[in-house]
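Just add 5 to wherever you are in the sequence shown, counting from 1, and you've got my numbering. Remarks on the structure that follows.
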Amino acid sequence: MGVVGAAVALPPSREVLGLAGWWLTNDQPPEVTLHVPPGVSRGQIVVGVTVGPSPSWRFLDALVDGRPLPPGPEIPIDTRQLKDGEHVLRVAVRDGSLRRNVRWVEATFRSDNTPPQVFLEPRTLVVEQGKTLLLQARTSEPAQVALQRAGTSPLSFSEDRGVYVAFLGVDPSLPAGRHPARLVATDEAGNQTVHDLTIEVTRTRFPSEQIVLPAHLLQLLTSGEYDRELNALTEYYSNSGNGKLWEGTFEQPVRGVISSGYGIERTYNSGVARNRHLGTDFDVPVGTPVSATARGKVVLAQPLAVRGNAVIIDHGVGVHSAYYHLARLDVRPGELVNRGQLIGLSGATGMATGPHLHFEIRLAGIAVDPLEWLGARFL
Ligand SMILES: [Zn+2]
């Protein structure tokens, strides 16, 4: 506040004479710009005020929705004192010339200090190891919704026709029992609502099997290559397009009987290595056409040491499907494929003891039972 730039103490000079001329003749009010925060604000905000080329001026008035505030180059506003919604800030600045020209400027900003309400379906979260639970959240205003669980990255919900949806995949190795989780809804202004939840995981009896691998395939397991490759693929599985790309149901990618089920605990060469089978194997001869299980975008199509020629498709909303050990790849990364579209031919590439198609469904990176998805309509 106050007079800025008045040069009364300077010796007479061209500037001073110029200033005197300005003082005497100026009829242009100062240029004033209000810097309101973009988007929706909450809590305390500060609106900056800049005044354009004018040798002297003073702040006269500041009004929010007609209520006075102390004017100045920075106007603090406590939006908690205001109703949620749009507000008008008006500021007056007067110059120091003879005519005392006054400029009024106004700007609008939006505030929101009310956390969103969020309602989750289903109310009680009960799901088997290795299975899928569709979560649907409705909110009182647009919000980011996420489910947080210790030890995992947050599961983000995606908007689908006005409802926020997320597919909760339960890792087959997650112990049965009650697991705490938090549902967090954050509106555009940053107001947050947190609901503490419990996910009850029930036990699935997974069979076990013994597998004998030849030395060169066993080496892929014992050398750590299997895990290294899985970690590298996590990057693909963890990123998903926001929108749902498919309609209807997921279809079986190949005609054939199941030769090895999801979740089986495998022991290799009498205990030299162990892991869990994270997909479903279909017993098909080399060269059998393999099709996309649903519409989606190819994010990986390349040879891998363990998984052989592999295709990964992102269906959006955190859902991916994967096809391993192919003999031939017929798609490229970035390609959009429809349900039933040929993506390659089955084979026995990578760590395979014989020709088959290994098929996976991953939800935010977690491999779940693919059979639950085939023919089912989750959304
Ligand atoms: Zn398999």
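Where is the CB? At the ideal position from N, CA and C, for every residue including glycine. The model shown is predicted, which means the values in this text are computed figures rather than measured ones.
Exposed unless 16 or more other CB atoms sit within 10 angstroms - verdict on residue i
| i | result |
| --- | --- |
| Pro185 | exposed |
| Ser245 | buried |
| Phe114 | buried |
| Gly10 | Legend: pLDDT at Gly10 = 47, less than 50; position of this residue unreliable, no value from coordinates given. |
| Val342 | buried |
| Val21 | exposed |
| Val199 | exposed |
| Asp232 | exposed |
| Gly313 | buried |
| Thr293 | buried |
| Asp100 | buried |
| Leu103 | exposed |
| Leu29 | exposed |
| Asp286 | buried |
| Val170 | buried |
| Leu173 | buried |
| Ser61 | buried |
| Asn196 | buried |
| Gly53 | exposed |
| His40 | exposed |
| Gly284 | buried |
| Ala327 | buried |
| Ser59 | buried |
| Pro34 | buried |
| Leu347 | exposed |
| Ala148 | buried |
| Ala155 | exposed |
| Val336 | buried |
| Ala190 | buried |
Residue i beta carbon near ligand 3 (any heavy atom closer than 7 angstroms)
| i | result |
| --- | --- |
| Gly352 | With respect to ligand 3, the structure offers nothing, as its ligand set consists of ligand 1. |
Beta-carbon proximity list for residue i, same chain, < 8 angstroms, skipping 5 on both sides
| i | result |
| --- | --- |
| Gly7 | Caution is warranted here: a pLDDT of 43 is assigned to Gly7, below 50, making its placement in the model unreliable, and no coordinate value can be reported. |
| Ser243 | Ser158, Ala369 and Gly370 |
| Asp89 | Ser116, Asp117, Asn118 and Thr119 |
| Gly385 | This structure does not reach residue 385, given that the chain is present from 6 up to 384, and the question cannot be answered. |
| Gly48 | Asp83, Thr84, Arg85 and Asn118 |
| Pro42 | Ile50, Val52 and Phe114 |
| Arg279 | Glu270, Arg271, Thr272 and Tyr273 |
| Ala353 | Val291, Gly313, His330, Ala332, Gly359, Pro360 and His361 |
Neighbourhood of residue i by C-beta, 7 angstroms cutoff - its chain only, sequence neighbours within 5 removed
| i | result |
| --- | --- |
| Gly2 | Summary: the structure shown does not reach residue 2, with the chain confined to residues 6 through 384, and so no result is reported for it. |
| Trp4 | The question about residue 4 has no answer here: the residues shown for the chain are numbered 6 through 384. |
| Ala181 | Gln134, Val206, Thr207 and Arg208 |
| His221 | none |
| Asp176 | Ile371 |
| Arg105 | Arg99 |
| Ala310 | Leu225, Glu230, Glu234 and Gly355 |
| Lys136 | Val175, Val373, Asp374 and Glu377 |
| Pro338 | Val303, Val304, Leu305 and Ala306 |
| Ala357 | Gly313 and His330 |
| Val93 | Asp70, Glu111 and Thr113 |
Residues near residue i by beta carbon distance below 6 angstroms, same chain, minus five either side
| i | result |
| --- | --- |
| Val45 | Arg115, Asp117, Glu193 and Ala194 |
| Trp378 | Phe255 and Ile366 |
| Lys302 | Asp319 and Leu341 |
| Pro308 | Asn314 |
| Ala67 | Leu74, Pro76, Ile80 and Val96 |
| Val217 | Asn274 |
| Val289 | Val259, Gly261, Ser351 and Leu362 |
| Ser264 | Asp286, Asp288 and His361 |
| Gly268 | Gly135, Pro177 and Phe211 |
| Tyr241 | Val304, Leu305 and Ile317 |
| Thr55 | Thr38 |
| Glu36 | Gly57 |
| Pro78 | Val54 |
* Sufficient close CB pairs (3 or more, under 8 angstroms) joining the segment 242–254 to the segment 312–322 -> Flag = yes, the segment 242–254 and the segment 312–322 touch.
* Asked: Does the segment 208–222 come close enough to the segment 268–281 to have 3 or more Cβ pairs within less than 8 angstroms?
  -> Short answer: they touch.
* **3-residue-minimum beta strand (DSSP E) runs that sit fully inside the segment 100–129, ordered along the chain** => Counting whole runs of 3 or more residues, the segment 100–129 contains the beta strand (DSSP E) stretches 107–116 and 123–126.
* **Unbroken stretches of the beta strand (DSSP E), 3 residues or longer, contained in the segment 205–244** => If we require 3 residues or more, the beta strand (DSSP E) runs fully inside the segment 205–244 come out as 213–216.
* For ligand 1, residues whose Cβ lies under 6 angstroms from any non-hydrogen atom -> Residues lining ligand 1 by the Cβ criterion, that is a Cβ closer than 6 angstroms to any of its heavy atoms, are Ser265, His282, Gly284, Asp286 and His363 in chain order.
* Does the segment 192–204 come within contact of the segment 214–229, defined as at least 3 CB pairs closer than 8 angstroms? -> The segment 192–204 vs the segment 214–229: no contact.
* **Stretch pair the segment 159–167 + the segment 120–133: three plus CB contacts closer than 8 angstroms** => Not touching, per the Cβ criterion.
* Just checking, does the segment 63–76 make contact with the segment 131–144 on the three C-beta pairs under 8 angstroms criterion? -> Contact between the segment 63–76 and the segment 131–144 is absent, because fewer than three Cβ pairs lie under 8 angstroms.
* Asked: For the segment 324–367, which segments carrying the beta strand (DSSP E) assignment without a break, of at least 3 residues, lie completely within its bounds, in sequence order?
  -> Here the runs fully enclosed are 324–334 and 347–351.
* At 3 residues or longer, and completely inside the segment 258–317: list those beta strand (DSSP E) runs for me, N to C. => Counting only runs of 3 or more, we get 262–265, 270–273, 278–281, 285–288, 294–296 and 301–309.
* alpha helix (DSSP H) segments (min. 4 residues) lying fully within the segment 18–54 -> Counting only runs of 4 or more, we get 19–30.
* Asked: What runs of the beta strand (DSSP E), each 3 residues or longer, lie entirely inside the segment 118–193?
  -> If we require 3 residues or more, the beta strand (DSSP E) runs fully inside the segment 118–193 come out as 123–126, 130–133, 137–144, 148–153, 163–165, 168–174 and 182–192.
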